[in-house]
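So the sequence lines, in the order shown, correspond to chains A and B. Each residue of the first sequence is one higher than the one before, starting from 4 at the first, in the numbering used here. Each residue of the second sequence is one higher than the one before, starting from 613 at the first, in the numbering used here. This report concerns only the one structure given below.
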Amino acid sequence: MREARAPPTPHAQRLLSALAPIALACALVGAWELYADSGSTSAYVLPSPHAIAQAMWDNAGLLAANLGPTATEVGLGIVLALLLGFLLAVLVHVSRALRRALYPLAVGSQAVPIAVIAPLLVFWWGFGVFPKLVVIVLICFFPVLVTTVDGLAAVDPDQLKLLRTLDASRWQALRFAELPAALPAAISGARIALSVGVIGAYIAESQTATVGAHAGLGHEINADLTALQTPRAYAAAVVLFAFAIACFYALRLAERRLAPWAARSPGERT
Amino acid sequence: MPTQLQSRPRPSQRRSEGDGIALQGVGRAFRDRRGALLRALSGVSLHAAPGELLAVVGPSGCGKSTLLELICGLQSPDEGSVACAPAVLMPQRDLLLPWLSAADNAALALRVAGLPRGRARARAAALFAEMGLDGFQGAHPSELSGGMRQRVAFLRTLLSGKRVLCLDEPFGALDAITRAEMQEWLASALQREPRTVALVTHDVEEAVVLADRVAVLSPRPGRVIEELEVALPRPRARTDAAVIGLRGRALRALGGTSSTAAAA
């Protein structure tokens, strides 16, 4: 009987929700460990979690040094992608002509394999961070564009009528109603952008060469795979994994600050 | 700066010719999705003298909202003419911006007019007590009751400084008790801040209690089928015999339209 059971107390609920991710992670890692140790695969193909942990411990300095450039690429790339996506969304929103001109191009741009344009990017901008930013922006602006366009269009038409009778200009309607209303949608887009941004950084590092040591985690992964240093490649992937999660929750915090009305449930005070 | 509402006209000016509403033989039609012509209004002639409250009642879909948008200049009539001082719309839902405080929401018109945020907010906040909203200047819309949200929305409308207010079923979403309270409140607010008002409602009692004149519209295409003068002193009680009598007349006019509509 579902109704007969006493509802869990808030305290127990909090404990449960805190333990759930740990329990799931432990179960997955445990299953992985058993499978890897059973001998049905090779350590070159699938290193066991304890071998990866060992590789992380042994290469902590190397991994940290490679996280730096990758984190920079992702951070800057996401910020640029947000700006570009938001700007394009506003343009597409205010002008039907621009919508018809830009939207198909933006959709099509997502189908172009980065490998095709990577040589051109390197030819233009060399081996620095810039061509990598371009790759990340190309991959990440799209979700921001789509969600923001939808957010801008979701403003109540009556709201715009009201603003018109207050003699608001098109720009004022954007500023006072549409842009703030689209912010939560834009932040959702940013969350998607972030989750593809980390893999975007890997693609960028794989496709455009870098001069010097510590060229980023993606670079490190490719080098390790080639050298059959599979545990270290996995260790680098684990760092990317954790970095992506950290970024995701950092954005959640930013959302609560930027758009508290979207995160707040009715009646709840900030 | 005095806490008087923006560009509030002096009583003598308010009586000037341009502050009323005059619709002459107005018709308006739309094309629906399949391209069929949908006549919303047909031959509507209405008049509100400066400072008068004109209530428009009618069945759903009789073009009441179209009428208000014509008065506000959001639409143009296909036939006939609309003469009206600058008007401001108060839509049915309060449409307060959830990211702004109540004072900032009320001050929206002032911000649009170019006032800096601090001064706009201060001018709006100063009127909160008069509107029965004292202490809620900093509250966000999600923290306010439905009635209070409507008060903030009304203050936002007043602060536009326009001489004509178009209220589109302002209390339609409220429960009966709150609605009665808000009607009293609106009557007293208009006594303090007189304006020419076009009030669209489907509540005949509300129309009779608040208005100087009640126009009854027919189902689509909306035509004026009855016009009632409400020459009763204020404040009016809804239990007043004269109020009940006028209410009955308006309801009979409405009932007549629905039976002809059913027969047609």
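Just so it is clear, CB atoms sit at the ideal spot from N, CA and C, and this is done for glycine as well.
Grouping DSSP H, G and I as helix and E and B as strand, with all else coil, what is ALA823/B? ALA823/B: coil per DSSP, three-state reduction.
Does any C-beta atom of chain B lie closer than 8 Å to the C-beta of ARG260/A? For ARG260/A, no Cβ of chain B is located within less than 8 Å of the residue's own Cβ.
Considering only the alpha carbon of each residue, which of LEU256/A, LEU19/A, THR213/A and CYS29/A lies closest to PRO122/A? Among LEU256/A, LEU19/A, THR213/A and CYS29/A, the Cα nearest to that of PRO122/A belongs to THR213/A.
With 8 Å as the threshold, decide whether the Cβ of ARG173/A is near any Cβ in chain B. Answer no: the Cβ-Cβ gap between ARG173/A and chain B never drops below 8 Å.
Taking only the alpha-carbon atoms, compute the straight-line gap between LEU786/B and GLY759/B and give it to the nearest angstrom. Cα to Cα, the separation comes out at about 7 Å.
Which listed residue (PHE766/B, SER672/B and ASP631/B) has its alpha carbon closest to that of HIS659/B: Cα-wise, what sits closest to HIS659/B is ASP631/B.
Identify whether HIS752/B lies in helix, strand or coil by the three-state DSSP scheme. In the structure shown, HIS752/B sits in coil (DSSP, three-state: anything other than H, G, I, E or B).
Quick check on LEU91/A: buried or exposed, where buried means 16 or more other Cβ atoms within 10 Å of its Cβ? With 16 or more other CB atoms across the displayed protein chains lying within 10 angstroms of its CB, LEU91/A is buried.
How would you write the range of the alpha helix (DSSP H) that HIS53/A sits in, first residue to last? Taken as a continuous stretch (DSSP letters only), the alpha helix (DSSP H) holding HIS53/A covers 52-61.
For a cutoff of 8 Å on Cβ pairs, would you count PRO183/A as touching chain B? Chain B contact via Cβ: present.
Taking any Cβ of chain A, which residues in the stretch 688-721 of chain B have a Cβ under 9 Å from it, in chain order? Legend: CB atoms of the stretch 688-721 of chain B lying less than 9 Å from CB atoms of chain A belong to residues PRO698, ALA699, VAL700, LEU701, MET702, PRO703, GLN704, ARG705, LEU707, LEU709, PRO710, TRP711, LEU712, LEU720 and ALA721.
Where does TYR205/A land, buried or exposed, given buried means 16+ other C-beta within 10 angstroms? TYR205/A is buried by the Cβ-count criterion.
DSSP three-state assignment for VAL3/A, whether helix, strand or coil: The requested residue 3/A is not part of the displayed model; chain A covers only 4 to 273.
Between ARG835/B and chain A, is any beta-carbon pair separated by less than 8 Å? Output row for ARG835/B: interface = no.
Does the Cβ of LEU228/A lie closer than 7 Å to at least one heavy atom of the ligand ZN? Absence of the ligand ZN is noted for the structure shown, with no ligands found whatsoever.
Can you grab the Cα-Cα spacing for the pair PHE766/B / MET702/B, in whole Å? Straight-line measurement puts the Cα of MET702/B at about 7 Å from the Cα of PHE766/B.
Give me the Cα-Cα distance between LEU65/A and VAL147/A, rounded to the nearest whole angstrom. Looking at the two C-alpha atoms, the distance is approximately 33 Å.
Between the Cα of VAL241/A and the Cα atoms of LEU70/A, VAL115/A and ALA15/A, which residue gives the shortest distance? Minimum Cα distance to VAL241/A is reached at LEU70/A.
Name the residue from VAL828/B, ALA641/B, VAL656/B and PHE642/B whose alpha carbon lies nearest to the alpha carbon of ALA591/B. Residue coverage of chain B in this structure runs from 613 to 876, which leaves residue 591/B outside it and unanswerable.
Measure from the C-beta of ARG167/A to each C-beta in chain B and report whether the shortest distance is under 8 Å. Yes, its Cβ sits closer than 8 Å to a Cβ of chain B.
Mapping the DSSP letters down to three states, classify ALA28/A as helix, strand or coil. Note: ALA28/A maps to helix in three-state DSSP.
Whole angstroms is fine: what's the gap from ALA21/A's alpha carbon to TYR252/A's? Approximately 15 Å between the Cα atoms of the pair.
To the nearest angstrom, how far is the alpha carbon of ALA736/B from that of ILE633/B? The straight-line gap from Cα to Cα measures roughly 27 Å.
Would you call the CB atoms of LEU166/A and ALA176/A closer than 8 Å? One thing to note: LEU166/A has its Cβ within 8 Å of the Cβ of ALA176/A.
Is there a Cβ from chain B that is less than 8 Å from the Cβ of ALA180/A? By this cut-off, ALA180/A is an interface position.
ASP293/A touches chain B at which residues, Cβ-Cβ below 9 Å? Absent from the structure is residue 293/A, since the part of chain A shown begins at 4 and ends at 273.
With a threshold of 8 Å between beta-carbons, can ALA257/A be considered close to chain B, or not? At a cut-off of 8 Å between beta carbons, ALA257/A makes no contact with chain B.
Excluding the 5 residues flanking ALA719/B on each side, which residues of the same chain have their C-beta closer than 7 Å to its C-beta? When the five nearest sequence neighbours on each side are left out, the beta carbons in the same chain lying within less than 7 Å of the beta carbon of ALA719/B are those of ALA732, ARG733, ARG735, ALA736 and LEU771, in order along the chain.
Beta-carbon proximity of VAL821/B to LEU680/B, cut-off 8 Å: No, Cβ-Cβ distance for VAL821/B and LEU680/B is not below 8 Å.
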